[in-house]
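To start, the structure itself, in structure tokens.
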Amino acid sequence: MGFLSIVRKLREKEKEMKLLIIGLDNAGKTTIIRRFNGEPIDTIAPTLGFDIKTLQHKQYTLNIWDIGGQQTIRTYWRNYFEVTDGLVWVVDSADRWRLDTCRDELKDLLQEEQLGGASLLIFANKQDLPDALSVDQIAEHLDLGAPQFKKRHYCIKAWS
């Protein structure tokens, strides 16, 4: 049994998980976390660097790392990948102009060895906006049939 397998088994017993919520700037990552946590969402500033929220869900402790998505911060994303159990990739469904960038950043992210087989949840966010693309359109544009996704457990969901 490899070292990584042993660490994962120990973490299962601890019932503690590290999730990264990541995506381009202004995708709505912090808003999603605050809504999960029952916090107000009327005044949200861009995340500069990262923020950590700890949520209790049933018998699990979820340490959610909210990582800023500004272009200048993206090169530092890999510094947060160690011992990550899951990724939440947030897409602004109404930001058609940056969908190519969103796709490319996600594909680059999934090539990182440190992420191993971390599960991936894709939130097609801002579905309530009039110009928002559907989940199917987002899935097609992100090229979810590409090799990076065939070997990984992933799911895409609408969020507003």
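Sequential numbering from 1 applies to the sequence shown in UniProt numbering. Even glycine gets a Cβ: it sits at the ideal position worked out from N, Cα and C.
If distances are taken between C-alpha atoms only, which option among the options comes closest to residue i?
i	options	result
residue 249	E16, K15 and L20	The structure shown has nothing for residue 249, since the chain only spans 1 to 160.
P46	I67, F36 and N63	I67
V83	Q71, V90 and E112	E112
P147	L110, N125, S160 and I122	L110
L106	H57, N79, G69 and E39	G69
Y76	V88, H57, G49 and D85	G49
Using the DSSP secondary-structure output, state which residues sit across from residue i in a beta bridge.
i	result
D66	I21 and D51
residue 175	Since the displayed the chain opens at 1 and closes at 160, residue 175 lies outside it and no answer follows.
S93	Partner(s): none; S93 has no beta bridge.
I156	I122
V88	I21 and L121
Can residue i and residue j be called in contact, C-beta distance under 8 Å?
i	j	result
I41	T31	yes
I156	A132	no
K29	T61	no
Excluding sequence positions up to five away, which residues of its chain have a Cβ less than 8 Å from the Cβ of residue i?
i	result
T54	T61, L62, N63 and I64
Q59	K15
Return the chain-ordered list of same chain residues with a C-beta closer than 7 Å to the C-beta of residue i, the five sequence neighbours on each side being excluded.
i	result
G117	R152
R74	E105
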